[in-house]
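Number of protein chains: 2
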Amino acid sequence: MSIAERRERQRAERYDLILAAARELAEAEGWDAVTTRRLAGLIDYSQPVLYSHFKGKADIMAAVATRGFEELAARLRMETANVTGARDVLRNVCDAYLGFARSRPVIYEAMFVLPTKIKFASEETPTALRAAFAELVAALGPDRQEPEFLAEVLWSALHGLVVLAQSGRIPATGAEARLNVLVQKFGR
Amino acid sequence: MSIAERRERQRAERYDLILAAARELAEAEGWDAVTTRRLAGLIDYSQPVLYSHFKGKADIMAAVATRGFEELAARLRMETANVTGARDVLRNVCDAYLGFARSRPVIYEAMFVLPTKIKFASEETPTALRAAFAELVAALGPDRQEPEFLAEVLWSALHGLVVLAQSGRIPATGAEARLNVLVQKFGR
DNA sequence: ACACTGATTCTAGCGTTGCTAGTATCTCTG
DNA sequence: CAGAGATACTAGCAACGCTAGAATCAGTGT
């Protein structure tokens with residue numbers, strides 16, 4: 001079985017190679033620059049090889065997004081784990097969310113903006129995505145009324161701030177003032 | 189000068205024809221279906237005619253979006269004009285915003301989601317867009333601290349609710365409950 | 001050691017996209 | 001009624017996602 005295992009391993013390595021290339025190219029030049037031809041060139045394989053790993057370009061982006069969910073969940077977890085004042089936790093989690101979006105704008109785009117096949121709020125939802133949402137719920141503190149809805153509205157506000165700023169529809173200046181407003185409104 | 193005027197008028201009519209066709213096609217099948225060839229076919233002209241009116245597809249979408257700003261501003265104005273309780277005004281304006289997004293999803297997309305050349309929060313910002321934002325500020329009531337930032341955060345929350353729902357990332361059910369949460373948090 | 005078989009990867013190409021150069025046509029002017 | 005200028009067309013380019021079919025490589029059995 002060792003030959004089959006080696007093949008499997010090599011395939012997995014190439015899978016990672018594709019994802020890394022897609023991520024780097026997207027971060028450098030945006031998702032429009034991520035064409036199947038350029039991607040194939042970057043990994044020194046021909047174009048159709050991509051289709052033996054992924055159904056298509058959308059599938060590649062979904063895979064990049066899934067890894068993004070893991071990173072986001074980890075970042076948020078770090079903030080809820082540090083138990084300080086409840087107000088601080090909310091603020092730090094929001095800040096971490098915004099920070100993630102700022103540091104990985106194109107991955108955020110794949111996760112939350114571009115059309116996606118990934119199922120949200122269902123049984124097929126990736127674990128990491130559920131975990132990230134759970135951190136938002138936790139950050140709002142216990143004993144809230146309708147915690148799911150509350151967290152969804154908070155998430156909407158955070159997401160709105162991110163995308164409107166990224167697309168230049170909200171000024172780059174004043175980000176901290178807006179965060180203050182948000183925390184004040186959603187804090188106890 | 190009457191011949192030149194007639195030509196001018198005919199050009200303007202064709203301009204409107206293109207915009208109407210783009211809008212209808214987008215509403216029926218989405219922006220991806222709005223190709224320059226299909227658009228040309230719908231108005232019974234050849235493809236390059238489009239480029240005598242617009243710089244390109246993005247320019248056409250921007251024009252559709254601009255008309256959308258006018259409609260949105262008008263809808264919001266109707267709610268702030270009806271002076272009832274301050275809490276009701278905020279609620280009604282938010283509801284009107286969400287209603288606009290629901291009734292004209294693809295126009296909303298061109299206005300607030302897709303990459304755009306339209307300048308926001310600057311001197312070149314279309315009048316209707318400024319007006320719409322001013323309605324949001326007004327809905328929050330007078331004598332607020334940092335009314336601009338507050339309105340921007342409210343707008344972000346509304347926008348987040350819209351796009352996350354439209355892309356299936358937030359469940360379709362519970363929209364009213366989320367609106368309740370939002371109004372409760374941002375009301376006095 | 002060698003031919004066979006099946007998986008793997010490549011070349012080449014399809015249909016579509018936004019956009020444009022160059023030609024033909026059509027309209028108004030002198 | 002002929003010339004000039006605006007107007008709209010045909011035809012084509014480069015790039016896109018994706019795929020069929022040929023070629024090449026690896027592992028197996030005799």
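Quick mapping for you: the protein sequence lines, in order, are chains A and B. When we follow the numbering used here, the leftmost residue of the first sequence carries the number 1, and every step to the right adds one. When we follow the numbering used here, the leftmost residue of the second sequence carries the number 189, and every step to the right adds one. For each residue, glycine too, the CB sits at the ideal point set by N, CA and C. Since the structure is predicted, the reported quantities are computational estimates derived from the model, not experimental observations.
Of the residues R7(A), G56(A) and A65(A), which one's Cα is nearest the Cα of T127(A)? A65(A)
Check the Cβ-Cβ distances between A73(A) and every residue of chain B, and say whether any is below 8 Å. no
Any C-beta of chain B sitting closer than 8 Å to the C-beta of Q53(A)? One detail in the question is off: residue 53(A) reads as His in this sequence, not Gln. Judged by the 8 Å Cβ criterion, H53(A) is not in contact with chain B.
Note the first and the last residue of the continuous alpha helix (DSSP H) segment covering Y239(B). L238 to H241
Segment limits, alpha helix (DSSP H) that includes R265(B): K245 to A269
At a CB-CB cut-off below 9 Å, which residues of chain B make contact with I170(A)? F308, A309, E340, W343 and S344
Measure the Cβ-Cβ separation of A33(A) and L42(A) and say whether it is below 8 Å. no
Going along the chain, which unbroken runs of the beta strand (DSSP E) with 3 or more residues stay wholly within the stretch 341–368 of chain B? none
If the cut is a Cβ gap below 9 Å, which residues of chain B does S167(A) touch? F300, V301, L302, P303, T304 and F308
Quick check on K373(B) - is its C-beta less than 8 Å from some C-beta in chain A? yes
Once DSSP output is grouped into helix, strand and coil, what is the label at F308(B)? coil
Euclidean distance between Cα positions of R77(A) and Q354(B): 28 Å
Around the C-beta of Y285(B), are 16 or more other C-beta atoms found within 10 angstroms, so that it is buried, or is it exposed? buried
Span separating the alpha-carbon of D276(B) from that of A326(B): 13 Å
Which residues of chain A have a Cβ atom closer than 8 Å to the Cβ of R366(B), listed in chain order? F149, E152, V153 and S156
Measure from the alpha carbon of F337(B) to the alpha carbon of each residue in G141(A), L129(A), Q184(A) and S122(A), then state which is nearest. Q184(A)
So what does DSSP say about T223(B), is it helix, strand or coil? coil
So, using beta-carbon positions, are A261(B) and S156(A) closer together than 8 Å? no
Consider the Cβ of V325(B): report whether some Cβ of chain A lies at a distance smaller than 8 Å. no
Cβ-based burial, Y296(B) [other Cβ within 10 Å; buried from 16]: buried
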